[in-house]
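Visitor:
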Amino acid sequence: MSNSPDRISYKDVKPHVTTVLISVVGCVLWLADELIFALLALGLALVSFFNTKALLNRIEKTNQQRRLLEEEFRRAQKLSTVDELSAGIAHEINNPLGIIAQEAQWMQHILQSSALREVKEAADCDESLREITSQVDRCKEIVNKLLSLARDLEPVIQGVDLNDLVENIAALVEKEVRARNIEVVRDLYPNMPLVYTDPPLLRQVILNLLVNATHAIERDGTIRIASTVDNDCAHITVEDTGCGISKEDLNRIFTPFFSTKPQGKGSGLGLAICRGIVERLGGYISVSSDVGKCTNFTIHLPIKRPPKGANQHVHTTQDTDR
Amino acid sequence: MDDEVDFVETIVSRLRSKGLEAEGVYRGKEAIDLVDDKEFDVCILDVKMPGMDGIETLRELKKKKPHMEVIMLTGHGSVESGIKGLQLGAYNYVMKPVPFADLLQQMVQAYERKVIEEERMRVAESDQAPETR
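Residue numbers (my numbering), protein chains in the order written: chain A, 1 to 322; chain B, 323 to 455.
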């Protein structure tokens, strides 16, 4: 073997190759280690992310529920305040209205005097005063409607056959809408127990809902009236295949004076009064709608009316939260 | 109260045969005058009558005798007047023809309501009565 500097033998490079190999393997192992670590970290991060997201969703849902309950509570408080205030306000407004009417009549009387009768403008004045009196009458009518909303109609509770009650009203409506090819379908619970409620008040509500249903369907449609029972609650549903109610309007339909009917047709007090009555009966009304397809109103009533004051369930929830 | 004389007479005689006191009238005005002279528990009132119509009669009757229960009867079934009648305080709104047994049952329920309301008023009045020594 020559020791020529041009010839490099394997023996010479072996230690270097080994070192390089070891280094490469070490690198690979290190990389793998880092990769595994990175993957683990990523996995953990993803898990945390989704967990946090889920948690945040739940917190948001709970907050929403809390806001809804607060809203309900405020509304209930407001309603009872409106009830109390309305009667007071109505009487307060009636006083100045009465004075305006009296003064207008007195002015009309003065215009009849010999001094003024001949004045050219007297007839115009008389006409205007007549208009004032007529508008005052209109205001009184509106105030009376508001009073009827606020009136303390303490229900008179009697045991009633709900299916009988529903059937009577359905028959009444059915006769009237037959000409418009609207069918009134009954779907009544076969073993309906006696329900303790105020029959005339409940009749008003059901009749109102049915009339609304007939207005929603111009012609060719179906109104379904159903009764069911579960636990201690009776449910009466009025469903129509009419024009439906938009999402925006759904939140407002129970507001006094809100109306989807054209100006001058209906004062919009109907559903507000209905809700008030059902709540006085210890129940509530729910509504759902598909625009252009159908609308469903359901009255939920306790079979045995809870004792006075017990239907403020929002108070109870708040109390137990503390 | 109904302008169909036969109908009124039949109902009145059947009620009397059940041991109930009953009077029949044929015009709204007659009913309003009658309640001034006598106390009644329940009134059956036809919606469509000549002269004063049923809703106007109901309004006047309720002003004079707010605790008398009224059952509206109709042969034509105007839903709008049904709502109006119920809002004015009618107990029920029934379509003719109605079997006598059903009408009687309605009258009994209406009378029960009157009894409950009167009892409630009596209790409220006695609660408010000042103590006297």
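Glycine included, C-beta positions come from ideal geometry on N, C-alpha and C. This one's a predicted model, so the numbers in the text were calculated from it and none came from an experiment.
Counting only beta-carbon separations shorter than 8 Å, does MET394 of chain B have a partner in chain A?
Guide: no
Visitor: Let's see if you can read the secondary structure: which residues bound the alpha helix (DSSP H) around ASN212 of chain A?
Guide: 199 to 216
Visitor: Since PRO302 of chain A meets chain B, which of its residues come closer than 8 Å, beta carbon to beta carbon?
Guide: Going along chain B, no residue has its Cβ under 8 Å from PRO302 of chain A, so there is no contact; the nearest lies around 18 Å.
Visitor: Between the C-alpha atoms of ASP152 of chain A and GLY244 of chain A, what's the straight-line distance to the nearest angstrom?
Guide: Per-residue confidence for ASP152 of chain A stands at a pLDDT of 45, beneath the threshold of 50, marking its modelled position as unreliable; the derived number appears in the next sentence. When rounded, the distance between both Cα atoms is 32 Å.
Visitor: Would you call the stretch 419 to 439 of chain B and the stretch 386 to 403 of chain B touching, i.e. three or more CB-CB distances under 8 Å?
Guide: yes
Visitor: Spell out the partners DSSP gives SER227 of chain A in its beta bridges.
Guide: SER227 of chain A is bridged to A:LEU188, A:ILE236.
Visitor: Going by alpha carbons, who is nearest to LEU342 of chain B out of B:TYR415, B:ASN414, B:VAL416, B:CYS365?
Guide: B:CYS365
Visitor: Which one of A:ILE132, A:PRO193, A:PRO200 has the shortest CA to CA distance from ILE157 of chain A?
Guide: A:PRO200
Visitor: Using a Cβ cut-off of 9 Å, pull out every chain A residue sitting near MET417 of chain B, in sequence order please.
Guide: ASN168, ALA171, LEU172, LYS175
Visitor: What separation, rounded to the nearest whole angstrom, lies between the Cα atoms of PHE50 of chain A and LEU44 of chain A?
Guide: 10 Å
Visitor: Extract the residue ranges of the beta strand (DSSP E) inside the stretch 379 to 453 of chain B, only unbroken runs of 3 or more that lie entirely within it.
Guide: Considered as a whole, the stretch 379 to 453 of chain B harbours 391 to 396, 414 to 417 as its complete beta strand (DSSP E) runs of no fewer than 3 residues, in chain order.
Visitor: When DSSP labels each residue in this structure, what does GLU174 of chain A get in the three-state scheme?
Guide: helix
Visitor: Along chain A, which residues have their Cβ under 7 Å away from the Cβ of ARG381 of chain B?
Guide: In chain order: nothing, as chain A lies at least about 12 Å away.
Visitor: From the DSSP output, read off the bridge partner residues of ILE299 of chain A.
Guide: DSSP output for ILE299 of chain A lists A:ILE236, A:ILE285 as bridge partner(s).
Visitor: By Cβ distance below 8 Å, which residues in the same chain neighbour LEU165 of chain A in space, the five residues on each side in sequence not counted?
Guide: PRO199, LEU202, ARG203, ILE206
Visitor: Cβ closer than 8 Å: which chain A residues qualify as neighbours of GLU439 of chain B?
Guide: VAL156
Visitor: Say whether chain A places a C-beta atom closer than 8 Å to the C-beta of TYR413 of chain B.
Guide: yes
Visitor: Do VAL357 of chain B and ALA344 of chain B have their CB atoms nearer than 8 Å?
Guide: Taking 8 Å as the cut-off, the Cβ atoms of VAL357 of chain B and ALA344 of chain B do not count as close.
Visitor: By DSSP, does SER339 of chain B sit in helix, in strand, or in coil?
Guide: helix
Visitor: Check for me: the alpha helix (DSSP H) holding ASP355 of chain B runs from which residue to which?
Guide: 350 to 359
Visitor: For THR19 of chain A, which of helix, strand or coil comes out of DSSP?
Guide: helix
Visitor: Could you work out which residue in A:ASP230, A:LEU271, A:CYS125, A:HIS215 is closest to LEU250 of chain A when comparing CA atoms only?
Guide: A:LEU271
Visitor: Between which two residues does the beta strand (DSSP E) carrying VAL156 of chain A extend?
Guide: Note, VAL156 of chain A: premise wrong, no beta strand (DSSP E); not H, not E.
Visitor: Once you ignore the five residues that flank GLY397 of chain B on each side, which residues in its own chain have a CB closer than 6 Å to its CB?
Guide: Closer than 6 Å at the Cβ level, and outside the excluded window around GLY397 of chain B, lie LYS418.
Visitor: Can you check whether the C-beta of VAL401 of chain B is within less than 8 Å of a C-beta belonging to chain A?
Guide: It does; some Cβ of chain A falls within 8 Å.
Visitor: Please report how far the alpha carbon of ASN231 of chain A lies from the alpha carbon of GLU176 of chain A, in whole angstroms.
Guide: 35 Å
Visitor: Is the shortest distance between the beta-carbon of LEU408 of chain B and the beta-carbons of chain A less than 8 Å?
Guide: yes
Visitor: Count the other CB atoms within 10 Å of the CB of GLN324 of chain A; is the residue buried (16 or more) or exposed (fewer)?
Guide: It is not possible to answer for residue 324 of chain A, since the shown part of chain A is limited to 1 through 322.
Visitor: Which partner residues does GLU324 of chain A have in the DSSP bridge list?
Guide: This structure gives no information on residue 324 of chain A, because the portion of chain A shown stretches from 1 to 322.
Visitor: What is the DSSP secondary structure of VAL346 of chain A, reduced to helix, strand or coil?
Guide: As shown, chain A starts at 1 and ends at 322. That puts residue 346 of chain A outside it, with no answer to give.
Visitor: Go to CYS365 of chain B, then tell me how far its beta strand (DSSP E) extends in each direction, as first and last residue.
Guide: 364 to 368
Visitor: When you compare the CB positions of LEU425 of chain B and VAL416 of chain B, do they come within less than 8 Å of one another, or not?
Guide: Going by C-beta atoms, LEU425 of chain B is nearer than 8 Å to VAL416 of chain B.
Visitor: Report the partner residues of TYR10 of chain A according to the DSSP bridge assignment.
Guide: According to DSSP, TYR10 of chain A bridges with nothing at all.
Visitor: With distances taken Cα to Cα, identify the nearest neighbour of ASN163 of chain A among A:SER134, A:VAL136, A:LEU194.
Guide: Ranked by Cα distance from ASN163 of chain A, the first of A:SER134, A:VAL136, A:LEU194 is A:LEU194.
Visitor: Counting only beta-carbon separations shorter than 8 Å, does ARG444 of chain B have a partner in chain A?
Guide: no
Visitor: What would DSSP say about ASP33 of chain A, mapped onto helix, strand or coil?
Guide: helix
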